[in-house]
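Trainee: Start counting the sequence shown at 245; every next residue gets the next number (my numbering).
Idealized CB from N, CA, C, for every residue including glycine.
It should be emphasised that the depicted structure is a prediction, and the values quoted were computed from it without experimental measurement.
Before anything else, here's the structure in question.
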Amino acid sequence: MPDTRYAIAAVLVAAAVTWGLRALPFAALTPLRASSIVQYLSTRMPAGVMVILLVYCLRDLSLTQTRTLAPLIALAVTVGLHLWRRNALLSILGGTAAHVILASAVFAP
Numbered sequence: 245m246p247d248t249r250y251a252i253a254a255v256l257v258a259a260a261v262t263w264g265l266r267a268l269p270f271a272a273l274t275p276l277r278a279s280s281i282v283q284y285l286s287t288r289m290p291a292g293v294m295v296i297l298l299v300y301c302l303r304d305l306s307l308t309q310t311r312t313l314a315p316l317i318a319l320a321v322t323v324g325l326h327l328w329r330r331n332a333l334l335s336i337l338g339g340t341a342a343h344v345i346l347a348s349a350v351f352a353p
């Protein structure tokens with residue numbers, strides 16, 4: 245059984261490391277806020293991330309099977325909802341619901 249001083253030292257070291265790891269991103273972010281590169285990336289990255297997610301989700305679709313229509317129709321529903329209402333939550337929920345309904349009821353294997 246470790247003595248009390250050892251346990252207190254271990255807790256203090258763990259607390260210091262935890263605090264440092266949580267504070268480090270904020271300390272590193274402060275000088276980057278004025279950077280023109282970071283400002284450019286902040287405007288371009290959301291669209292880039294969405295394109296990467298889209299490619300990742302649709303990469304294994306076989307265009308010769310009818311089951312492929314479920315994710316494509318759900319994608320169209322998601323895009324349509326977003327263009328119509330400009331509400332990300334509605335778009336995500338609507339597209340997800342469309343995919344679940346189509347994949348499990350309409351195009352079920």
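Measure the C-alpha to C-alpha separation of Arg303 and Val293 and round it to an integer number of angstroms.
Mentor: The straight-line gap from Cα to Cα measures roughly 15 angstroms.
Trainee: In chain order, what residues of the same chain have a beta carbon less than 8 angstroms from the beta carbon of Thr336, not counting five sequence neighbours either side?
Mentor: Sequence check: residue 336 is Ile here, not Thr. Excluding sequence neighbours, Ile336 sits near Thr322.
Trainee: Using a Cβ-Cβ cut-off of 7 angstroms (strictly less than) and excluding sequence neighbours within five positions of Ile317, which residues of its own chain qualify?
Mentor: Hits under 7 angstroms: Ala342, Leu346.
Trainee: Kindly indicate the opening and closing residues of the alpha helix (DSSP H) around Thr248.
Mentor: 248-276 is the extent of the alpha helix (DSSP H) around Thr248.
Trainee: What's the C-alpha gap between Leu273 and Ser279?
Mentor: So the two alpha carbons sit approximately 10 angstroms from each other.
Trainee: Given Pro290, which residues of its chain have a CB within under 8 angstroms of its CB, disregarding the five upstream and five downstream residues?
Mentor: Counting only Cβ-Cβ distances below 8 angstroms, and skipping sequence neighbours, we find nothing.
Trainee: How about Leu325 and Gly338: do their beta carbons lie closer than 7 angstroms?
Mentor: In contact: Leu325 and Gly338 (Cβ atoms closer than 7 angstroms).
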